[in-house]
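Asks: In full-length UniProt numbering, the protein residues as written are 1 to 76.
Note that CB positions come from ideal geometry on N, CA and C, so glycine has one too.
Would you mind keeping the following structure in view while I ask a few things?
In C-alpha cells form, the structure reads like this:
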C-alpha cells in the first residue's frame, strides 16, 4: 500500500487522535481550526513509526509499527 494511503488508514484507525497524548490522559485531535489550548496553533497529526526504520526497515509498512501522534509528541 502506498505510504500516503497508509497514513490515512492509520489516522482513521486511531480516530484522528494523538495516541501518546491519549496515553497521558489528554486529547489532541487534528484540526484545521486554531486551538486555544494549543496556544493559537493548528493541531497537526503525523503517523510515526514506533520502531525506527533505520533499524527495522522490514516494518516500514507494518500497521502494528505505526501510531498517530501530534507534532509536539513526535518532536519529543
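1) For residue 4, which of 73, 74, 61 and 51 has the nearest alpha-carbon?
2) Using only alpha-carbon positions, find the residue among 55, 56 and 30 that is nearest to residue 17.
3) Give the straight-line distance between the Cα atoms of residue 12 and residue 47, rounded to the nearest whole angstrom.
4) Which residues bound the alpha helix (DSSP H) around residue 72?
5) Find out if the Cβ-Cβ distance for the pair residue 20, residue 69 is shorter than 8 Å.
6) Please classify residue 10: does DSSP put it in a helix, a strand, or coil?
Replies: According to the data block:
1) If you number the chain shown from 1, residue 4 lands on position 4. Nearest C-alpha to residue 4 among 73, 74, 61 and 51: 61.
2) Within the chain shown, the letter at position 17 stands for residue 17. When C-alpha distances from residue 17 are compared across 55, 56 and 30, the shortest belongs to 30.
3) Residue 12 sits at position 12 when you count from the first residue of the chain shown. Residue 47 sits at position 47 when you count from the first residue of the chain shown. So the two alpha carbons sit approximately 11 Å from each other.
4) Walking along the chain shown from the start, residue 72 turns up at place 72. Annotation: the continuous alpha helix (DSSP H) that includes residue 72 extends over 71 to 75.
5) Counting from one through the chain shown, the residue named residue 20 turns up at place 20. Counting from one through the chain shown, the residue named residue 69 turns up at place 69. Cβ distance < 8 Å, so residue 20 and residue 69 count as in contact.
6) Numbered from its first residue, the chain shown carries residue 10 at position 10. Here DSSP, grouped into helix, strand and coil, assigns residue 10 to helix.
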